[in-house]
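Notes follow once the structure below has been shown.
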Amino acid sequence: MQDRKKILVLTPRFPYPVIGGDRLRIYYICRELAKEYDLTLLSLCESREEMEMDIPLDGVFSKIERVMLPKWKSYLNCLFSLPTNTPLQVAYYSSQAFKKKVDELLSKHDLALAHLIRTGHYLRDFDTPKVLEMTDAISMNYERVGAIEKSSGFKNLVYSVEQDRLKKYEQSIAHYFDLSVFVSQVDKDYLYPKNSEVRNKVLVCSNGVSFDALPCNYQPDGKTIVFIGNMTTVQNLDAARWFAKSVMPGLTKIGDYQFKVIGRIKEQVKNEFNRYANTIATGSVDSVAEAAAGAITGVCPMRLGAGVQNKVLEYMALGMPAITSSVGLEGIEAEVGKEILVADSVNEYINMIQEITNNIKYAEEIGYKGNQFVLKENTWSGKLKPLIEKINKLVL
């Protein structure tokens, strides 16, 4: 039997446990690749807990290498990069020990896959076939932050400084790779317009849904509205806070509605949300499906962010009507008004939620059609097939 070819996977964060957003995506990419290739994971870790964490016997990685990069070193990297053109997103994950490991391992592999631009620079000067899994146009998210937040806080200053050089970096890094990958056409078009030299080397390959953990069982209690997301990210925090402060006051005037925020959250922020009217933040949960049980709808009032919002796909998988903003709809090709609902203003959210509350058959129909959409269009295997085919050609 012929030996299987080998792929080296670089990640800026340890992908276990597999929770949320970018970790979920790279994990499922690797799970698909592991069906045909032997994978070596080389990952940066920011804590001893990650360095020593037991790995589940899931058969995804044949070998795992970990390199410690404590936060204080990452902060120092960012400080030193301020006078340069290197984006903080890249500087934060700079490690000589990691680079040494890449140099040591790469010659033993047939292809390298870098997760995010945070690890892409480690592969720039190698001739080995290489793929950059960019996921989102981060600079587009920064641009949206600047358009919404006009305050003079430190975080906004960082975003404004970072946005321009980050966009230039994202546009230039693709020249060094055989293939770059995004989850949404919007992100690709933002960075690589039709006259771009590298546009034909950029693939759009959306996210799938983990249906095993998200059974379709829509039994609404008529009052609970859920938001699922990692609340340590700027875009999720902005969305949930806007809904709690702007939409919930109007909803509570017309019914006994409750806003339930599900996902990882800092204690200080959790206490803040629990002080808002009819709002509760759960923090991390063992089962998203159980935590969301009884909800009449899942909302995604994103104003920031880029790529595909997994939370929208999760709502649809659970069989509940998903109400998303125009930003949250990006990359999701469901039919608006039949498979998914779109709202951008306070009144639009209030009116839609009131309508599905008063018309349960309508709510069930939207939820059912949304569920059928993701079952057909958003399996991980189906969504990642174009990427796997491209990689197969690169390692021939």
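So in the UniProt record's numbering, spot 172 of the sequence shown is number 172, and the numbers just go up one at a time. Positions of the beta carbon are idealized from the N, C-alpha and C atoms, including for glycine.
- Residue pairing by DSSP places ASP38 opposite LYS6 in a beta bridge.
- Fully contained in the stretch 297-331 are the following beta strand (DSSP E) runs of length 3 or more, in chain order: 297-300, 322-324.
- According to the DSSP secondary-structure assignment, THR128 is paired through a beta bridge with no residue.
- GLN219: not part of any alpha helix (DSSP H); DSSP gives it neither H nor E.
- THR11 sits away from HIS109, with the two beta carbons spaced by 9 Å or more.
- When the Cα atoms are used, SER180 and LEU24 turn out to be separated by approximately 18 Å.
- The three-state reading of DSSP puts THR379 in strand, counting E and B together.
- Unbroken beta strand (DSSP E) runs of no fewer than 3 residues, entirely contained in the stretch 194-247, are found at 202-204, 224-228, following chain order.
- Here DSSP, grouped into helix, strand and coil, assigns ILE64 to strand.
- Pairing PRO301 with PHE373 gives a Cβ-Cβ distance that is not under 9 Å.
- At the C-beta level, ALA277 and PRO249 come within 9 Å of one another.
- Following the DSSP letters along the chain, one finds LEU111 inside the beta strand (DSSP E) bounded by residues 111-115.
- Membership of PHE14 in any alpha helix (DSSP H) is not indicated, and neither H nor E is assigned to it by DSSP.
- Using a Cβ distance threshold of 9 Å, ILE173 and HIS121 count as a contacting pair.
- Beta-carbon to beta-carbon, ARG4 and TYR37 are separated by about 6 Å, close enough to satisfy the 8 Å threshold.
- Around the beta carbon of LYS376, a 10 Å sphere encloses fewer than 16 other beta carbons of the protein chains shown; the residue is thus reported as exposed.
- Judged by their CB atoms, LYS270 and GLY283 are nearer to each other than the 9 Å cut-off.
- With fewer than 16 other Cβ atoms from the protein chains shown falling within 10 Å of its own Cβ, ARG48 counts as exposed.
- Remark: C-beta atoms of SER184 and ASN378 do not approach each other more closely than 9 Å.
- Excluding sequence positions up to five before and after ALA363, its CB lies within less than 6 Å of the CB of PRO321, ILE356, all in the same chain and listed in chain order.
- Taken through DSSP and simplified to helix, strand or coil, SER43 comes out as strand.
- Looking only at THR86, GLU333, LEU329, the smallest Cα-Cα distance to ALA343 is reached by LEU329.
- Sequence-distant partners of VAL346 (beyond 5 residues in either direction) whose C-beta falls short of 8 Å from its own C-beta, in its chain, are SER246, VAL247, GLY250.
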